[in-house]
Amino acid sequence: MYAVEMEHVSKKFGDFIAVKDLSLKIPRGAMFGLLGPNGAGKTTSIRMMLDIIIPDEGKVVVLGKTLDETTKPKIGYLPEDRGLYPKMKVGEALEFFAEIKGVARSAAPKLLDRWLAKFELSDWKNKKVEQLSKGMQQKIQFIVTVVHDPDLIILDEPFSGLDPINTKLVKDIMLELRAEGKTIIFSTHRMEQVEMICDEICLINKGQAVLQGRLQDIKRQYGKNTILLDYEGTVGFLQGSPEIEKIDDYGRSAEIRLKDKADAQEVLKRLTGRVRVNKFEIQEPSLNTIFIEKVGRSEQ
Amino acid sequence: MRKIWTIIKREYLQHVRTKGFIIGTILGPILMIGIMVIPVLLMVGSGGEKSTLAVVDGTREIQADFAAKLSEFKMGDGSAKYVLVDIAPSADSPAQKKELGQRIMAGTYTGYIFIPADVLTGGTAEYASRHTSDFDGIKVLNQALNSVVVGKRLKTEGLDPSKIAEYTKPVRLDTIKVSEKGQERDTGGSFIVSYILVMILYMTMFFYGAMILRGVIEEKTNRVVEIVLSSLRPFQLMMGKILGIALVGLTQYTVWALFGFLSSKYGGSVIGAIAPSAKSSGLAIASIPPYVFIYFVVFFLLGFFLYATLYAAVGSAVNNEKEAQQLLFPVTMSLVIPILMMQYVMKSPNSSLSVILSLVPFFAPMLMLQRITIIMPPIAQVAGSIALMIITTIGMVWLTGKIYRVGILMYGKKPSLPEILKWVRYK
Numbered sequence: 010m011y012a013v014e015m016e017h018v019s020k021k022f023g024d025f026i027a028v029k030d031l032s033l034k035i036p037r038g039a040m041f042g043l044l045g046p047n048g049a050g051k052t053t054s055i056r057m058m059l060d061i062i063i064p065d066e067g068k069v070v071v072l073g074k075t076l077d078e079t080t081k082p083k084i085g086y087l088p089e090d091r092g093l094y095p096k097m098k099v100g101e102a103l104e105f106f107a108e109i110k111g112v113a114r115s116a117a118p119k120l121l122d123r124w125l126a127k128f129e130l131s132d133w134k135n136k137k138v139e140q141l142s143k144g145m146q147q148k149i150q151f152i153v154t155v156v157h158d159p160d161l162i163i164l165d166e167p168f169s170g171l172d173p174i175n176t177k178l179v180k181d182i183m184l185e186l187r188a189e190g191k192t193i194i195f196s197t198h199r200m201e202q203v204e205m206i207c208d209e210i211c212l213i214n215k216g217q218a219v220l221q222g223r224l225q226d227i228k229r230q231y232g233k234n235t236i237l238l239d240y241e242g243t244v245g246f247l248q249g250s251p252e253i254e255k256i257d258d259y260g261r262s263a264e265i266r267l268k269d270k271a272d273a274q275e276v277l278k279r280l281t282g283r284v285r286v287n288k289f290e291i292q293e294p295s296l297n298t299i300f301i302e303k304v305g306r307s308e309q
Numbered sequence: 007m008r009k010i011w012t013i014i015k016r017e018y019l020q021h022v023r024t025k026g027f028i029i030g031t032i033l034g035p036i037l038m039i040g041i042m043v044i045p046v047l048l049m050v051g052s053g054g055e056k057s058t059l060a061v062v063d064g065t066r067e068i069q070a071d072f073a074a075k076l077s078e079f080k081m082g083d084g085s086a087k088y089v090l091v092d093i094a095p096s097a098d099s100p101a102q103k104k105e106l107g108q109r110i111m112a113g114t115y116t117g118y119i120f121i122p123a124d125v126l127t128g129g130t131a132e133y134a135s136r137h138t139s140d141f142d143g144i145k146v147l148n149q150a151l152n153s154v155v156v157g158k159r160l161k162t163e164g165l166d167p168s169k170i171a172e173y174t175k176p177v178r179l180d181t182i183k184v185s186e187k188g189q190e191r192d193t194g195g196s197f198i199v200s201y202i203l204v205m206i207l208y209m210t211m212f213f214y215g216a217m218i219l220r221g222v223i224e225e226k227t228n229r230v231v232e233i234v235l236s237s238l239r240p241f242q243l244m245m246g247k248i249l250g251i252a253l254v255g256l257t258q259y260t261v262w263a264l265f266g267f268l269s270s271k272y273g274g275s276v277i278g279a280i281a282p283s284a285k286s287s288g289l290a291i292a293s294i295p296p297y298v299f300i301y302f303v304v305f306f307l308l309g310f311f312l313y314a315t316l317y318a319a320v321g322s323a324v325n326n327e328k329e330a331q332q333l334l335f336p337v338t339m340s341l342v343i344p345i346l347m348m349q350y351v352m353k354s355p356n357s358s359l360s361v362i363l364s365l366v367p368f369f370a371p372m373l374m375l376q377r378i379t380i381i382m383p384p385i386a387q388v389a390g391s392i393a394l395m396i397i398t399t400i401g402m403v404w405l406t407g408k409i410y411r412v413g414i415l416m417y418g419k420k421p422s423l424p425e426i427l428k429w430v431r432y433k
């Protein structure tokens, strides 16, 4: 059973092809990461899942059927470009959004109070939206997304603009929601978050899926051919070593990609005595590296 | 349907609660009444300034009668408005005028009136003052002088002086409006009513159109629209917004109509109580047949929906109000053309040009209403214009709905008109 199925979906805006023959299956209950560089077609794909825009070709099935008015209340959506009515009071704005999402008027106040308390925003209920800080507005927006208890939650860049404390808060709530059996789809550029919380990913570039599947499976394909190194000193001398394919040097840590069948121990030997090694771990490549590689390759 | 209702409710409450709306709704009519009433009260109440006039009477027989005529004019406190100083004419008129001019400059006299010796046979009198733009005041002097001179002339012809007023009585021409209700005197009321109603329609369409435009742009630039659209169709959002603002307009009209009703019912007697003389001065408020108001509401609603869809479509296509100006040009033009044609339609409401213009859906709200207020046109024409407007509005709702749906999610470069028309074909 899938939460979202897209079959050979294409969307053009004038001459610009935003999404091209994209097929996607997102299982129910998954924490699904939708990745891709800017302008890859993530937002267009999401908008098609939400029936905000209609695909030129292909089929989109959400929660088992083609979208209609009965499905919409079962979806929660946090758009990338956040927006609320600045002149409205927080409580009124939330009630408005809850109402268009089909929450009964009698049930709304209780639900809203619970969520406002969860985000520590109860004192702000009667303030105008424009009086809130940007971070608070983001949290209000998150409440708008989940207040009607949707089965499918689609978050476009949920962490952008949040400080570490609020990032953790939102992440914890996402995990809570998943534990309740909800399907969560989110798009992001931040690979470390994807790596930590996603079960499945789809990497989109230029409107096409270039990589798709369970995160573990994808990583396994690449094999343990990467050294994650924490060090003190400089590792520039490693450049050009016969067993090394590529180095991503971050100054105090580095990701070293080995050539086929090369032995990591050879690299360790080169390092000893020249730099202080704090961590030397043989791993699958990070999602970041895979991302850059995949997107870089399709650029050529 | 419940979702559209939620949109309507939000739209309505958000606008009705703003200070601007409350002030505009309540202060608007007070201001309008003020503008109409205050000048009347000022004119009637104060009686103007006191004048000291030097009268140089070349004939030596006019001055006394002239003074008697002017003594009828009193100041607010009952004292005479005109104080006349009789000055004997000298042989050297230019020198005398020059001297009087200096006295005026010095403030001794407000002005002088120079009546030449040949005034009874067609000579021209002169009035000199520092202040020559008080036309009503000058008219009073002129009329007084005129009646004295004409009286003298008739007397020299041997006519009975006591009957002079009768002989010289001007003919009054009363205007009578013939309608289904019979015949009634019209003191220019139907002109004023028609003008005011059409202008109100024109201004509110502009005003509420701009309100829709601003609302759509606001939702677009705030990016609220995306969340809303994940819950309902773009068409529902657009219609909800338009209906909500239509209700705002109707609310405002209802308050204004109440004011209008009260002031037409009691306004006259209030003014009459404050200044009895004003009542007779043509302020009688014309009686407006009730069907005019029904047509007014019908044409307001039809015109509003027609223009609202256009404003919504333009708002959806642009990123800010500045960008909207250019695209709004055709919309603004079709609102302004009927206003430019008003004078013509007023003069010949049943000419074929008037009939055609009043049938064009974009002009009909203003011009057909105007025709209705002047002479009730054949019912077929009224029905025709309403039918044409309904058809056009349905067509525009369909067309602009398609533009809105695409435009509302398009950011960045301002689209050209051909590009916008291309959106209509998008799936």
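Chains D and Y supply the protein sequences, listed in that same order.
So for the first sequence, my numbering puts the first residue at 10; every next one is plus one.
So for the second sequence, my numbering puts the first residue at 7; every next one is plus one.
Yeah, the Cβ is synthetic: ideal placement off N, Cα and C, and Gly gets one too.
Predicted model only: the values in this text are computed from it and were never measured.
Please check the pair residue i and residue j, which I expect to be a contact at CB under 8 Å, by giving their CB distance rounded to whole angstroms.
| i | j | result |
| --- | --- | --- |
| E313(D) | N287(D) | Residue 313(D) falls outside the range modelled here, since chain D spans only 10 to 309, and no answer is possible. |
| T399(Y) | L308(Y) | 7 Å |
| T154(D) | G85(D) | 4 Å |
| T116(Y) | T210(Y) | No, T116(Y) and T210(Y) are not in contact; Cβ-Cβ is about 47 Å, not under 8 Å. |
| L220(D) | E264(D) | Actually they do not touch by this definition, with Cβ atoms about 18 Å apart. |
Assign residue i to buried or exposed, taking buried as 16 or more other Cβ atoms, counted over all protein chains shown, within 10 Å of its Cβ.
| i | result |
| --- | --- |
| E78(Y) | exposed |
| F300(D) | buried |
| D165(D) | buried |
| N135(D) | exposed |
| M40(D) | buried |
| W429(Y) | buried |
| K268(D) | exposed |
| Q274(D) | exposed |
| Y18(Y) | buried |
| K9(Y) | buried |
| W133(D) | buried |
| Q225(D) | exposed |
| D63(Y) | buried |
| W124(D) | buried |
| Q349(Y) | exposed |
Would you mind reading off the limits of the alpha helix (DSSP H) that contains residue i?
| i | result |
| --- | --- |
| A95(Y) | Per the sequence shown, residue 95(Y) should be read as Pro rather than Ala. Where P95(Y) is concerned, there is no enclosing alpha helix (DSSP H), given that its DSSP letter is neither H nor E. |
| E185(D) | P173 to A188 |
| M58(D) | K51 to M58 |
| A218(D) | Per DSSP, A218(D) belongs to no alpha helix (DSSP H); it is in the beta strand (DSSP E), Q217 to R223. |
| G85(D) | Segment I84 to L87 is the beta strand (DSSP E) holding G85(D); no alpha helix (DSSP H) there. |
| I426(Y) | L423 to W429 |
Could you check what DSSP says for residue i in three-state terms: helix, strand or coil?
| i | result |
| --- | --- |
| H198(D) | coil |
| I121(Y) | strand |
| R279(D) | helix |
| P296(Y) | helix |
| A60(Y) | strand |
| D7(D) | Because chain D here runs from 10 to 309, residue 7(D) falls outside it and cannot be looked at. |
| S354(Y) | coil |
| N326(Y) | coil |
| K268(D) | coil |
| G288(Y) | Reliability of the predicted coordinates at G288(Y) is poor, the pLDDT of 41 falling under 50, and no value is obtained from them. |
| H17(D) | strand |
| I414(Y) | coil |
| F128(D) | coil |
| V71(D) | strand |
| L346(Y) | helix |
| I206(Y) | helix |
| Y94(D) | coil |
Below 7 Å, is the gap between the Cβ of residue i and the nearest heavy atom of the ligand PLP?
| i | result |
| --- | --- |
| Y240(D) | The model depicted lacks the ligand PLP and carries no ligand whatsoever. |
Terminal residues of the continuous beta strand (DSSP E) containing residue i?
| i | result |
| --- | --- |
| T235(D) | T235 to E241 |
| R285(D) | R285 to Q292 |
| R255(D) | According to the sequence provided, residue 255(D) is Lys. The question's Arg does not apply to it. Run containing K255(D): I253 to D258, per the beta strand (DSSP E) assignment. |
- Query: Looking at chain B, which residues of the segment 223-251 of chain Y have a Cβ within less than 7 Å of any of its Cβ atoms?
  - Reply: Here chain B cannot be found, since the structure's protein chains are D and Y.
- Query: Hey, is the segment 194-209 of chain Y in contact with the segment 367-380 of chain Y, meaning 3+ C-beta pairs nearer than 8 Å?
  - Reply: Three or more Cβ pairs drawn from the segment 194-209 of chain Y and the segment 367-380 of chain Y lie within less than 8 Å of each other, which places the two stretches in contact.
- Message: Under 8 Å: do the segment 231-240 of chain Y and the segment 296-306 of chain Y share three or more Cβ pairs, one atom per stretch?
- Response: With a cut-off of 8 Å, the segment 296-306 of chain Y and the segment 231-240 of chain Y do not count as touching, because too few Cβ pairs lie within range.
- Message: Count Cβ pairs between the segment 206-225 of chain D and the segment 40-55 of chain D that sit closer than 8 Å; are there 3 or more?
- Response: In this structure the segment 206-225 of chain D touches the segment 40-55 of chain D; the number of beta carbon pairs closer than 8 Å is three or more.
- Task: Decide yes or no for the touch test of the segment 21-41 of chain Y against the segment 255-271 of chain Y: beta carbon pairs closer than 8 Å, at least 3 of them.
- Result: Counting Cβ pairs under 8 Å, three or more are found: they touch.
- Query: Does the segment 185-205 of chain D come close enough to the segment 17-34 of chain D to have 3 or more Cβ pairs within less than 8 Å?
  - Reply: Inter-segment contact for the segment 185-205 of chain D and the segment 17-34 of chain D is absent: fewer than three beta-carbon pairs are separated by less than 8 Å.
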